[in-house]
Amino acid sequence: MVGVSAASLSQRSPSHVLRPPPPPPPQPHRLVRSVCCLSSGLSTPPLVEQTLSRILSSGVIACLRANRHAYTTYYSLASYPSNQISRLQLKNLHKKKKARIFPGLILICSRTQLGIFSLIFAEMAMEAARAAVSAGISVLEIVVSTPGVFEVIQQLVDDHPATVFGAGTVLNVEDAKKATNAGAKFIMSPAMVKDIMDDYQTGEVLYMPGVMTPTEILCAHDAGAKIVKVYPVSALGGIKYISALKKPFSHISMVASQGITIDSVGEYIALGASSVVLSDAIFNKEALRQNNFNEIYQLAHFAALQGKEAVERLVFAL
1 MVGVSAASLS QRSPSHVLRP PPPPPPQPHR LVRSVCCLSS GLSTPPLVEQ TLSRILSSGV
61 IACLRANRHA YTTYYSLASY PSNQISRLQL KNLHKKKKAR IFPGLILICS RTQLGIFSLI
121 FAEMAMEAAR AAVSAGISVL EIVVSTPGVF EVIQQLVDDH PATVFGAGTV LNVEDAKKAT
181 NAGAKFIMSP AMVKDIMDDY QTGEVLYMPG VMTPTEILCA HDAGAKIVKV YPVSALGGIK
241 YISALKKPFS HISMVASQGI TIDSVGEYIA LGASSVVLSD AIFNKEALRQ NNFNEIYQLA
301 HFAALQGKEA VERLVFAL
């Protein structure tokens, strides 16, 4: 206010009186949680911080659960001699330049039907994951029950370095280490596994324990979890449960998991979830049975778009 005297200000009408600026609008849960989460407890390693940032910015974690029961289309192959199936499958993999993916499984596929099916299921899991990534999914979890899961993760990491891959339903340190060696950037469990929590406290891989109750949430956070997975969220009340949990635990980042539809992604994030896990909503069981990767692509594209838009709405609200 250079050159303006106090007297001249006092002579102005009330409409000219300078008033303090209005307070800034309240910040959305997401941005507050991310800062609190990264600043609490021990310092966060750079790679873990990057993984957290990718999860927060994507809004969606696609979860692939590919097991032997998912693909009935290939059961008819059991009528062929195992060595003939082996040659056919290996020829197909070689043609696609994928024979190097599963050296262990290729070794056993000429000996047992189980090995043949494991090779086929792993190949189908790879194709389903590629469809999701091509559709825009930037964070993908692969459940450890998937045949050849660690080889699948390793190949996906090599082929798609810009995508964040992780292992899900990890219940012991051994599997966690195998996933890490394969290139997984995060480990998820349906509950808090103390041995994994202890081993990954200061490492470069993010551990996301599963929690269900307020007590479990606080215990996991106090134990060093940078983010927790609320599971099974739909059975506990869904969106309303997440919203209720965020009231006392606004400083803890939470991922909602189980039974979530693509249409509800935006509401989950708006009411406090840092991200949501989508499994069957993207990797539709019937589409997997029919090897309909185009449908998986379409579902993944819709899910990625919903997550991105939900995050952007929070940012624009600032």
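In terms of the UniProt record's numbering, the sequence shown opens at residue 1 and continues consecutively. Just so it is clear, CB atoms sit at the ideal spot from N, CA and C, and this is done for glycine as well. The structure displayed is predicted, hence computed values, not measured ones.
Problem set entry | For ILE269, the three-state DSSP class (helix, strand or coil) | helix
Exercise. With burial defined as no fewer than 16 other Cβ atoms inside 10 Å of the residue's Cβ, what is the status of GLY237: buried or exposed?
Worked result: With fewer than 16 other Cβ atoms within 10 Å, it is exposed.
Problem set entry | Where LYS97 falls: helix, strand or coil (DSSP) | Low per-residue confidence applies at LYS97: pLDDT is 44, beneath 50, and the placement is therefore not dependable, though the value from the model is reported in the following sentence. Residue state, collapsed to three classes: coil.
For this session: Count the C-beta pairs between the stretch 186-206 and the stretch 236-250 that are closer than 8 Å, then say yes if the count reaches three, no if not.
Result: No, the stretch 186-206 is not in contact with the stretch 236-250.
Exercise. Going straight from the alpha carbon of LEU314 to that of VAL255, what length do you get?
Worked result: Going from the Cα of LEU314 to the Cα of VAL255 covers about 16 Å.
Exercise. Alpha carbon to alpha carbon, what distance is there between MET188 and PRO45?
Worked result: About 18 Å.
For this session: Consult DSSP for SER264 and reduce its assignment to one of helix, strand or coil.
Result: Note: SER264 maps to helix in three-state DSSP.
Exercise. For the stretch 270-284 against the stretch 145-165, are there 3 or more C-beta pairs whose distance is under 8 Å?
Worked result: no
Exercise. Start and end of the alpha helix (DSSP H) containing LEU314?
Worked result: 293-316
Exercise. So what's TYR241 in DSSP terms, helix, strand or just coil?
Worked result: helix
Exercise. How is the beta strand (DSSP E) around LEU171 delimited, first residue to last?
Worked result: From DSSP, LEU171 is part of no beta strand (DSSP E); its letter is neither H nor E.
For this session: State whether the stretch 249-268 contacts the stretch 287-296, with contact taken as three or more CB pairs (one from each stretch) at a distance under 8 Å.
Result: Between the stretch 249-268 and the stretch 287-296 there are fewer than three inter-stretch CB-CB distances shorter than 8 Å, so the stretches are not counted as touching.
Exercise. Just how far apart, CA to CA, sit ALA235 and PRO248?
Worked result: 21 Å
Exercise. Around the Cβ of HIS94, are there at least 16 other Cβ atoms within 10 angstroms (buried) or fewer (exposed)?
Worked result: For HIS94, the pLDDT reaches just 47, beneath the cut-off of 50, and the residue's location in the model is therefore unreliable, leaving the point undetermined.
For this session: Inspect the beta-carbon positions of ILE227 and ILE55 and report whether they are closer than 9 Å.
Result: yes
Exercise. Does the distance from the CB of LEU140 to the CB of VAL164 come in under 9 Å?
Worked result: Taking 9 Å as the Cβ cut-off, LEU140 and VAL164 qualify as a contacting pair.
For this session: For the beta strand (DSSP E) containing PHE186, list its first residue and its last residue.
Result: 186-188
Exercise. At what residues does the beta strand (DSSP E) containing MET208 begin and finish?
Worked result: In this chain, the beta strand (DSSP E) harbouring MET208 covers 206-208.
Problem set entry | Among LYS194, GLN154 and VAL276, nearest to LYS229 - alpha-carbon criterion | Checking every option, the nearest Cα to that of LYS229 belongs to VAL276.
Exercise. Can you tell which of GLY136, SER134, LEU156 and ALA135 has its C-alpha closest to the C-alpha of GLU123?
Worked result: LEU156
Exercise. Going by other Cβ atoms of all chains shown within 10 Å of its Cβ, with 16 needed for buried, is ALA317 buried or exposed?
Worked result: exposed
For this session: Look at the alpha carbon of GLY183 and the alpha carbon of PHE150, and state the distance between them as a whole number of angstroms.
Result: 9 Å
For this session: Have a look at PRO232, ASP195, VAL233 and GLY272 and flag the residue whose alpha-carbon is nearest the alpha-carbon of SER250.
Result: GLY272
For this session: Compare the beta carbon distance of ILE196 and PRO209 with 9 Å and say whether it is the shorter of the two.
Result: yes
Problem set entry | Pair within 9 Å by beta-carbon distance, LYS185 and LEU47 | yes
Problem set entry | For ILE153, the residue or residues it bridges with in DSSP | According to DSSP, ILE153 bridges with nothing at all.
Exercise. In the DSSP assignment, what are the bridge partners of GLU141?
Worked result: CYS63 and GLY166
Problem set entry | Residue environment, SER53, which counts as buried when at least 16 other CB atoms sit within 10 Å | Around the Cβ of SER53, a 10 Å sphere holds fewer than 16 other Cβ atoms; the residue is exposed.
For this session: Would you mind sorting SER138 into buried or exposed? The rule is 16 or more other CB atoms within 10 Å of its CB.
Result: buried
For this session: Closer than 8 Å by C-beta to VAL152: which residues in its own chain qualify, once you throw out the five before and the five after it? Chain order, please.
Result: Answer for VAL152: ILE101, ALA122, ALA125, MET126, ALA129, ILE142 and THR146, listed in chain order.
For this session: Could you tell me if SER43 is buried or exposed, where buried requires 16 or more neighbouring beta carbons within 10 angstroms of its beta carbon?
Result: exposed
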